[in-house]
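Asks: Take a look at this one; I'll ask things after.
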Amino acid sequence: MVKQLLLIALSVVSASSFAAQDPTAPLGWSAPKKTTTPVKRSYRVPKLNSIICQPEQANCSAILNSRVVSAGDTVNGYRVNQITDQHVTLSRAGKQWKLQMFTLEIKE
């Protein structure tokens, strides 16, 4: 009976200490500490597909990433601040982007 209790106690102690250290590791070696670095995420600026302005209406709409939006809407975390017949102004995290349909390049 005493042998059985001793055998059970030894098996419990050896099982808990087995996982605590790698027996094949060099003497004095310890696992490197894991450091977490913050992941910098980048979000793509939405693509301007079209600007739609009705002559009888003051408000314009735009199509960003194939989705119709108005001023005040958000697309991929970017807030639509202003839509004119020439450009769309977006903002995110204190920065602003001005999207235009076509760049004005005159070639002669």
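Taken in order, the sequence shown gives residues -19 to -1, 1 to 89; the numbers are from mature numbering (1 follows the signal peptide of the UniProt record, and there is no 0).
Quick reminder that beta carbons are idealized off the backbone N, C-alpha and C, glycines included.
As the structure is a prediction and not an experimental result, all values here were calculated from the model.
Tell me whether V20 is buried or exposed, calling it buried when 16 or more other Cβ atoms sit within 10 Å of its Cβ.
Replies: When all chains shown are included, V20 counts as exposed.
Asks: Could you tell me the boundaries of the beta strand (DSSP E) in which W78 lies?
Replies: Element bounds for W78: 76 to 81.
Asks: Starting from the C-beta of T65, find all residues in its chain whose C-beta is less than 7 Å away, skip the five residues before and the five after it, and write them out in chain order.
Replies: Excluding positions up to five away in sequence, the list reads C41.
Asks: If you draw a straight line from the C-alpha of I33 to the C-alpha of K79, how long is it?
Replies: Their Cα atoms are separated by approximately 16 Å.
Asks: Residues in the same chain with beta-carbon distance under 6 Å from A43, minus the five sequence neighbours each way, listed in chain order, please.
Replies: Cβ neighbours of A43 beyond the five flanking positions: I32, V50, I64, V69.
Asks: For A6, list the residues DSSP reports as bridge partners.
Replies: For A6, which the question treats as bridged, DSSP gives no partner whatsoever.
Asks: Leaving out five residues on either side along the sequence, give the residues of the same chain with a beta carbon under 7 Å from the beta carbon of F83.
Replies: The answer is none, since no qualifying residue turns up.
Asks: Using C-beta distances below 8 Å, list every residue in its chain close to L29, excluding the 5 sequence neighbours before and after it, in chain order.
Replies: These residues qualify, in order along the chain: A43, I44, L45, V69, L80, Q81, M82.
Asks: According to DSSP, T55 sits in a beta bridge with which residue or residues?
Replies: Paired residues: R60.
Asks: Look at A52 and N62 and say whether their C-beta atoms are less than 8 Å apart.
Replies: Yes.
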